[in-house]
Amino acid sequence: MRHHIQLSVVLVLLVFAGSLPLSAQELDEHLAMFTPLVGKTWKGRLSAEGAEKESWDVSRWERALNGKAVRIMHSVNDGEYGGETLIVWNREEERVEFYYFTTAGFFTQGTITGEFGNFTAHEYVTGNANGITEVRSSSTVLEDGSLKGSSEYLKDDEWVPGHEIIYKEAPDAEVTFK
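Last residue of the sequence shown: 194 in the working numbering, with the numbers rising by one and none dropped.
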(Lines of atoms letter the chains of each structure in order from A and count residues from 1; the text may use other names and numbers.)
(Lines give C-alpha, C1' and ligand atoms only; values in the text may rest on other atoms or scores of the structure.)
Protein backbone atom coordinates (compact mmCIF):
# COMPACT_ATOMS: atom_id res chain seq x y z
CA MET A 1 0.00 0.00 0.00
CA ARG A 2 2.80 2.41 0.90
CA HIS A 3 4.50 1.89 -2.50
CA HIS A 4 1.16 2.47 -4.23
CA ILE A 5 0.80 5.87 -2.53
CA GLN A 6 4.38 6.83 -3.38
CA LEU A 7 3.85 5.79 -7.01
CA SER A 8 0.64 7.85 -7.12
CA VAL A 9 2.47 10.90 -5.80
CA VAL A 10 5.24 10.44 -8.38
CA LEU A 11 2.70 10.11 -11.21
CA VAL A 12 0.86 13.27 -10.09
CA LEU A 13 4.15 15.18 -9.94
CA LEU A 14 5.11 13.98 -13.42
CA VAL A 15 1.76 15.07 -14.84
CA PHE A 16 2.13 18.56 -13.35
CA ALA A 17 5.82 18.80 -14.23
CA GLY A 18 4.89 18.96 -17.90
CA SER A 19 3.16 22.28 -17.29
CA LEU A 20 5.99 23.78 -15.23
CA PRO A 21 8.97 25.65 -16.67
CA LEU A 22 12.14 23.61 -16.93
CA SER A 23 14.14 26.33 -15.23
CA ALA A 24 13.27 29.00 -12.70
CA GLN A 25 14.69 31.58 -15.12
CA GLU A 26 13.07 30.29 -18.31
CA LEU A 27 10.73 32.56 -20.25
CA ASP A 28 7.62 31.62 -22.17
CA GLU A 29 8.72 30.53 -25.65
CA HIS A 30 7.04 33.61 -27.19
CA LEU A 31 9.20 35.89 -25.04
CA ALA A 32 12.51 34.13 -25.78
CA MET A 33 13.72 37.08 -27.89
CA PHE A 34 14.28 38.95 -24.60
CA THR A 35 16.45 36.28 -22.98
CA PRO A 36 19.77 38.14 -23.52
CA LEU A 37 18.39 41.15 -21.61
CA VAL A 38 16.51 39.58 -18.71
CA GLY A 39 18.10 39.51 -15.29
CA LYS A 40 20.36 42.44 -16.14
CA THR A 41 20.56 46.17 -15.53
CA TRP A 42 21.48 48.39 -18.47
CA LYS A 43 22.70 52.00 -18.67
CA GLY A 44 22.84 54.26 -21.72
CA ARG A 45 23.54 57.90 -22.48
CA LEU A 46 20.50 59.74 -23.85
CA SER A 47 22.31 63.04 -24.34
CA ALA A 48 24.76 63.71 -27.14
CA GLU A 49 28.45 63.31 -26.31
CA GLY A 50 29.69 66.59 -24.81
CA ALA A 51 26.19 67.98 -24.20
CA GLU A 52 25.88 70.68 -21.54
CA LYS A 53 23.64 68.43 -19.43
CA GLU A 54 24.24 64.70 -19.43
CA SER A 55 21.18 62.49 -19.51
CA TRP A 56 21.32 58.79 -18.60
CA ASP A 57 18.74 56.03 -18.79
CA VAL A 58 18.98 52.99 -16.49
CA SER A 59 16.74 50.00 -17.13
CA ARG A 60 16.28 46.74 -15.27
CA TRP A 61 14.86 43.74 -17.16
CA GLU A 62 13.25 40.98 -15.08
CA ARG A 63 11.43 37.73 -15.57
CA ALA A 64 7.92 38.14 -14.14
CA LEU A 65 4.77 36.12 -13.56
CA ASN A 66 6.55 32.75 -13.63
CA GLY A 67 8.11 33.53 -17.01
CA LYS A 68 4.83 34.54 -18.65
CA ALA A 69 5.95 38.18 -18.70
CA VAL A 70 9.00 40.41 -18.85
CA ARG A 71 9.03 43.43 -16.57
CA ILE A 72 11.19 46.47 -17.36
CA MET A 73 11.64 49.34 -14.95
CA HIS A 74 13.63 52.37 -16.08
CA SER A 75 14.55 55.81 -14.86
CA VAL A 76 16.20 58.81 -16.44
CA ASN A 77 18.60 60.98 -14.42
CA ASP A 78 17.98 59.35 -11.06
CA GLY A 79 14.21 59.60 -11.25
CA GLU A 80 13.50 62.80 -13.19
CA TYR A 81 11.42 60.53 -15.42
CA GLY A 82 10.74 56.84 -15.40
CA GLY A 83 8.40 54.07 -16.29
CA GLU A 84 7.45 50.48 -15.98
CA THR A 85 6.69 48.03 -18.79
CA LEU A 86 5.07 44.62 -18.77
CA ILE A 87 5.54 42.46 -21.89
CA VAL A 88 3.25 39.44 -22.36
CA TRP A 89 2.12 36.93 -24.98
CA ASN A 90 -1.52 37.51 -26.02
CA ARG A 91 -2.79 34.01 -26.72
CA GLU A 92 -5.99 35.18 -28.44
CA GLU A 93 -4.26 37.64 -30.78
CA GLU A 94 -1.17 35.41 -31.08
CA ARG A 95 1.25 38.29 -30.61
CA VAL A 96 3.59 39.84 -28.08
CA GLU A 97 2.04 42.91 -26.46
CA PHE A 98 3.27 45.40 -23.90
CA TYR A 99 1.96 48.07 -21.57
CA TYR A 100 4.15 50.99 -20.47
CA PHE A 101 3.23 53.36 -17.62
CA THR A 102 5.22 56.53 -16.90
CA THR A 103 5.91 58.98 -14.10
CA ALA A 104 4.79 61.71 -16.53
CA GLY A 105 1.24 60.36 -16.32
CA PHE A 106 0.88 58.95 -19.82
CA PHE A 107 0.89 55.32 -20.88
CA THR A 108 1.35 53.30 -24.03
CA GLN A 109 0.30 49.93 -25.33
CA GLY A 110 1.74 48.19 -28.32
CA THR A 111 3.08 45.11 -30.03
CA ILE A 112 6.56 43.67 -30.49
CA THR A 113 7.83 41.44 -33.28
CA GLY A 114 11.25 39.95 -33.75
CA GLU A 115 13.61 37.19 -32.92
CA PHE A 116 16.26 36.37 -30.32
CA GLY A 117 18.00 39.66 -29.40
CA ASN A 118 16.49 41.68 -32.26
CA PHE A 119 13.01 43.19 -32.16
CA THR A 120 10.80 46.09 -33.23
CA ALA A 121 7.88 47.70 -31.43
CA HIS A 122 4.93 49.85 -32.44
CA GLU A 123 3.03 51.54 -29.64
CA TYR A 124 0.05 53.83 -29.23
CA VAL A 125 0.36 56.65 -26.70
CA THR A 126 -2.43 57.91 -24.43
CA GLY A 127 -2.16 61.24 -22.61
CA ASN A 128 1.24 62.55 -23.76
CA ALA A 129 1.53 66.30 -23.09
CA ASN A 130 3.86 66.79 -26.09
CA GLY A 131 1.32 65.57 -28.64
CA ILE A 132 3.06 62.26 -29.42
CA THR A 133 0.45 59.65 -30.39
CA GLU A 134 2.56 56.73 -31.67
CA VAL A 135 6.12 55.43 -31.31
CA ARG A 136 8.05 52.99 -33.50
CA SER A 137 11.30 51.57 -32.17
CA SER A 138 13.87 48.87 -32.79
CA SER A 139 16.35 47.18 -30.48
CA THR A 140 19.30 44.93 -31.29
CA VAL A 141 21.76 43.09 -29.08
CA LEU A 142 25.16 43.82 -30.66
CA GLU A 143 28.10 41.41 -30.95
CA ASP A 144 29.80 42.95 -27.90
CA GLY A 145 26.66 42.31 -25.80
CA SER A 146 25.50 45.93 -25.70
CA LEU A 147 21.95 46.92 -26.68
CA LYS A 148 21.30 49.44 -29.44
CA GLY A 149 17.93 51.16 -29.52
CA SER A 150 16.38 53.74 -31.82
CA SER A 151 12.95 55.31 -32.11
CA GLU A 152 10.73 57.70 -34.02
CA TYR A 153 7.57 59.47 -32.91
CA LEU A 154 4.29 60.40 -34.61
CA LYS A 155 3.64 64.00 -33.61
CA ASP A 156 1.14 66.27 -35.35
CA ASP A 157 0.58 63.54 -37.97
CA GLU A 158 4.28 63.50 -38.92
CA TRP A 159 6.96 60.91 -38.08
CA VAL A 160 9.95 62.63 -36.47
CA PRO A 161 13.27 61.12 -35.38
CA GLY A 162 13.41 60.13 -31.74
CA HIS A 163 16.60 59.01 -30.06
CA GLU A 164 19.37 56.50 -30.56
CA ILE A 165 21.03 54.95 -27.57
CA ILE A 166 23.58 52.27 -26.78
CA TYR A 167 23.03 50.52 -23.46
CA LYS A 168 25.81 48.65 -21.74
CA GLU A 169 25.31 46.17 -18.97
CA ALA A 170 25.72 48.01 -15.65
CA PRO A 171 25.21 45.63 -12.70
CA ASP A 172 25.78 48.40 -10.12
CA ALA A 173 23.38 50.92 -11.70
CA GLU A 174 19.99 51.36 -10.05
CA VAL A 175 16.58 52.34 -11.31
CA THR A 176 15.43 55.25 -9.13
CA PHE A 177 11.98 56.72 -8.61
CA LYS A 178 11.36 59.83 -6.52
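C-beta: ideal position from N, C-alpha, C; glycine also.
- prompt: In terms of residue numbering, what span does the beta strand (DSSP E) encompassing N134 cover?
  reply: N134 to T142
query: If you follow the beta strand (DSSP E) that M89 is part of, which residue opens it and which one closes it?
result: A85 to V92
- request: Could you tell me whether the Cβ atoms of D172 and G143 are closer together than 8 Å?
  value: no
- request: Please report the residue range of the beta strand (DSSP E) in which E185 lies.
  value: E174 to E185
message: So, at 8 Å on beta carbons, what are the nonlocal neighbours of A189 in its own chain, with the 5 sequence-adjacent residues on each side left out?
response: T57, W58, K59 and V74
- prompt: Can you tell me where the beta strand (DSSP E) with D73 in it begins and where it stops?
  reply: W72 to A80
message: Bridge partners for S155 per DSSP, in chain order?
response: F135 and G165
task: Have a look at Q125, R152 and I103 and flag the residue whose alpha-carbon is nearest the alpha-carbon of A48.
output: I103
message: Just to confirm my understanding: we take A137, look at its own chain, exclude 5 residues before and 5 after, and list those with CB closer than 6 Å. What are they?
response: G126, I128 and S153
query: Cβ of T119 within 8 Å of Cβ of G133?
result: no
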